[in-house]
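Presented below is the structure to which this report refers.
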Amino acid sequence: MIVIQGHFDVHPDDCAAYEALVVPMQQASSAEEGCVTYVFSKDLEVAGRYRLGECWETDEALKAHFQMPHMATLQAGLKSIRLQEVAVWRYEVTGHSRLM
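According to this note's numbering, the sequence shown is numbered sequentially starting from 219.
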C-alpha cells in the first residue's frame with residue numbers, strides 16, 4: 219500500500235481558486251481504480267495550509283493516477299496559484315490495523 223501525505227501553503231488571496239481547483243481533483247481521483255483515499259483538507263492551525271492525504275492499493279495504481287487528465291488539469295491550474303510552500307511525501311506501508 220502506498221500512502222501520500224503532504225501540505226500546500228496557499229497565498230490568502232488564492233485560497234478560493236485553489237479550493238475550486240482541488241475539489242474536482244479530489245472527486246475524480248477518489249473514483250480511480252486502486253484509490254483507497256484521496257482527500258484535501260484545511261489545516262486547523264495554519265491559515266492557508268491545505269493537507270493532502272492519499273492511499274493507493276498499489277504502485278501501479280498510483281502511476282496510473284499521474285497519467286490521468288484531471289492530474290494534468292491540476293498541474294496546469296497550479297501555475298496560476300501562488301504556492302508559498304509545498305511538501306509531499308510518499309510512504310510504502312506493509313501493513314495496517316484499525317485503531318478505533
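Heads up, the beta-carbon is just placed ideally off N, CA and C, and yes, glycines get one too.
These numbers were taken from a predicted model, which means no experiment stands behind them.
C-alpha distance - residue i paired with residue j, whole-angstrom precision
{"i": "residue 236", "j": "residue 228", "result": "8 Å"}
{"i": "residue 323", "j": "residue 317", "result": "With the chain covering only 219 through 318, there is no way to say anything about residue 323."}
{"i": "residue 292", "j": "residue 301", "result": "13 Å"}
{"i": "residue 312", "j": "residue 287", "result": "30 Å"}
{"i": "residue 226", "j": "residue 303", "result": "6 Å"}
{"i": "residue 299", "j": "residue 234", "result": "10 Å"}
{"i": "residue 290", "j": "residue 230", "result": "24 Å"}
Three-state class that DSSP yields for residue i in the structure shown
{"i": "residue 295", "result": "helix"}
{"i": "residue 280", "result": "helix"}
{"i": "residue 259", "result": "strand"}
{"i": "residue 317", "result": "coil"}
{"i": "residue 380", "result": "What the structure shows of the chain is the stretch from 219 to 318, and residue 380 is not part of that stretch, so it cannot be assessed."}
{"i": "residue 249", "result": "coil"}
{"i": "residue 305", "result": "strand"}
Per-residue burial, residue i [other beta carbons within 10 Å of its own, 16 or more giving buried]
{"i": "residue 274", "result": "buried"}
{"i": "residue 240", "result": "buried"}
{"i": "residue 284", "result": "exposed"}
Residue i, enclosing alpha helix (DSSP H) - first and last residue
{"i": "residue 223", "result": "It is not in any alpha helix (DSSP H) - residue 223 instead sits in the beta strand (DSSP E) that spans 220-228."}
Residue i and residue j closer than 8 Å at C-beta
{"i": "residue 307", "j": "residue 244", "result": "no"}
{"i": "residue 279", "j": "residue 310", "result": "no"}
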